[in-house]
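Following: one structure in structure tokens, then a few remarks.
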Amino acid sequence: MITLTTNNGQISIAPELITSIVGDADGSQINTMSDVVCVEESRQEIVRKIMEYKLGMIRYAATQQAERRDEGYVEMTELERLAGLEDSDA
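Right, dumping it as structure tokens:
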């Protein structure tokens, strides 16, 4: 998931459910399979987060198949950051 900012706080969205993004530097409208969400991030920022998420998922899967668990930890940490789950003490 990726975390974005709405007028009411943060929202986490599964990138696989996003069908389109309309917006500019002042904010964007995300159309999902079942809803429409307005967020503060630009279309470019949302696309960047989606690309990072998808690449992170591919890298994480590759580390698990190759049994490179230490590298998988690094990828999982990056995915957690994108989802807004990073440790607040860090």
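When you read off a place in the sequence shown, starting at 1, and then add 1, the result is the number in our numbering. Positions of the beta carbon are idealized from the N, C-alpha and C atoms, including for glycine. Every value quoted in this text rests on a predicted model; they were computed, and no experiment measured them.
Query	Result
Is it true that the CB of Thr7 sits closer than 7 Å to the CB of Gly85?	no
Using DSSP with H/G/I as helix, E/B as strand and the rest coil, what is Ser89?	With a pLDDT of 49 at Ser89, under the threshold of 50, the modelled position of that residue is not reliable, and the figure given next carries that caveat. It is coil, neither helix nor strand.
Return yes when at least one heavy atom of the ligand FAD lies under 6 Å from the C-beta of Gln11, else no.	As for the ligand FAD, it is missing from this structure, which has no ligand bound.
Between the alpha carbons of Ala15 and Asp27, how many angstroms are there, rounded?	22 Å
Return the CA-CA distance between Ile12 and Thr64, expressed in angstroms with no decimal places.	29 Å
Could you pull out every residue in the same chain whose Cβ sits closer than 7 Å to the Cβ of Tyr61, ignoring the five residues on either side in sequence?	Gly73, Glu76, Met77 and Leu80
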